[in-house]
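Report on the following structure.
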Amino acid sequence: MDFNIALLKGDGIGPEIVDSAVAVLDKVAAKYGHKFTFTPYLAGGCAIDATGIPLPEETVKACQASDSVLLGAVGGPKWDTLPGHLRPEKALLGVRHALGLYTNIRPAKIYPALKGASPLRPDIIDNGVDIVMIRELTGGIYFGERGRRQGAGGEEAFDTECYSEMEVERIARVAFETARKRGHVVTSIDKANVLESSRLWREVVHRVAKDYPDCECVDMLVDNAAMQLVKNPSQFDVVVTSNMFGDILSDESSQITGSIGMLASASLGDTKCGMYEPIHGSAPDIAGQNKANPIATILSAAMMFRYSFDLEDEAVCIEKAVDDVLEAGYRTADILGSSDTKPLSCTEMTKVILDYIK
Ligand code: IPM
Ligand code: MG
């Protein structure tokens, strides 16, 4: 098969890790008889520097016309003082919105070889951790009404959390369909003891749950969820939650697995065209130094094969290569254990993974 991929390399370590994933996609394509055409487009800080805005129309059109989008990371201190609508992060939000990518899938699992990298005690993770976090991605407070106004206490600022039944129902269905193929438990995380939007969320999730009698549906308040994730992470199978809670809790789960440098994500809508990106940011502190861990982006490429192209063997081939490389003891700096010696650079780790894709 032939695929056209829009590359949004972005800022910081973005270009380094996207190059790694492209090399892996090409290698797997050659092995299985596919052909990728990659075209880079501007998004984020680099787009601001070149055009004055974070997400040029050309980039949006190209993403819409592509078979899928591979993104590195956007943002950096250079653009931190710009007003909200001109920040690099707007590029990410803009693509999610323009492509209707309302589902964000963020798997967090502990690799047996990396158990030592988890900050949790061995007895807490002994039963394994394998969570699929499903984050609603085009609604809630990220896209609600916001603004500033004058009030009695001086200037006021507000952001609003708003969810419709339709938005909750479609993400809940994704969660239950996912659970059906795994452990059959969906934990829905909200703040229904305080927020009206969470009460609607809970009602709709319960309604959808009736269509999945083979799955258990557990409600959990977000503050408790933050606690349970470090106390007993093995209890989670599929987690479904709102845009902001998902943002926060997916970073927390990534730390449980050892490093945010390992976690991939897929953003999907109603078409096959998705956006694939590591969940970490642009890491300006190590940008351009060839130190970044490319694994999160490489695993995102595996998710692209699985979710956009329905090519499971190709996805598993990449995931297995990563497993084998970790089992063999190869490490980048972020996943270096106390007994390991010299960490691999980004390009060295990429090369080892390519070698393991036979
Ligand atoms: C993420 C990031 C983004 C988000 C930022 C960069 C806008 O933190 O993908 O988790 O909050 O969604
Ligand atoms: Mg985040």
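All residue numbers for the sequence shown refer to the numbering used here, where the first residue is 1051 and numbers rise by one.
Glycine included, each C-beta is placed from N, C-alpha and C at the ideal position.
DSSP state of residue i mapped onto helix, strand, coil
| i | result |
| --- | --- |
| residue 1197 | strand |
| residue 1119 | strand |
| residue 1326 | strand |
| residue 1355 | helix |
| residue 1185 | strand |
| residue 1304 | helix |
| residue 1286 | coil |
| residue 1397 | helix |
| residue 1085 | strand |
| residue 1090 | strand |
| residue 1131 | coil |
| residue 1109 | helix |
Residue range of the unbroken beta strand (DSSP E) whose run includes residue i
| i | result |
| --- | --- |
| residue 1060 | 1052 to 1060 |
| residue 1267 | 1266 to 1271 |
| residue 1236 | 1235 to 1240 |
Local Cβ density within 10 Å of residue i, reported as buried at 16 or more and exposed below that
| i | result |
| --- | --- |
| residue 1115 | exposed |
| residue 1381 | buried |
| residue 1086 | buried |
| residue 1392 | exposed |
| residue 1140 | buried |
| residue 1080 | exposed |
| residue 1241 | buried |
| residue 1475 | Examination of residue 1475 is not possible in this model, given that the chain is present from 1051 through 1408 alone. |
| residue 1135 | exposed |
| residue 1059 | buried |
| residue 1309 | buried |
| residue 1244 | exposed |
| residue 1137 | buried |
| residue 1217 | buried |
| residue 1214 | exposed |
| residue 1403 | buried |
| residue 1198 | exposed |
| residue 1061 | buried |
| residue 1298 | exposed |
| residue 1257 | exposed |
| residue 1333 | buried |
| residue 1188 | buried |
| residue 1146 | buried |
In DSSP terms, what residue i is bridged to
| i | result |
| --- | --- |
| residue 1318 | 1153 |
| residue 1159 | 1180 |
| residue 1206 | 1199 |
| residue 1382 | 1394 |
| residue 1347 | Looking at the DSSP assignment, residue 1347 forms no beta bridge with any residue, so it has no partner. |
Residue interval of the alpha helix (DSSP H) (run including residue i)
| i | result |
| --- | --- |
| residue 1215 | 1215 to 1230 |
| residue 1250 | 1246 to 1259 |
| residue 1065 | 1064 to 1082 |
| residue 1370 | 1362 to 1377 |
| residue 1140 | 1139 to 1148 |
| residue 1172 | 1172 to 1175 |
| residue 1096 | 1095 to 1101 |
Residue i: CB within 6 Å of a non-hydrogen atom of the ligand GDP
| i | result |
| --- | --- |
| residue 1297 | The ligand GDP is not part of the structure shown, which contains the ligand IPM and the ligand MG as its ligands. |
Any chain B beta carbon closer than 7 Å to residue i
| i | result |
| --- | --- |
| residue 1139 | The structure shown contains no chain B; it is built from a single protein chain. |
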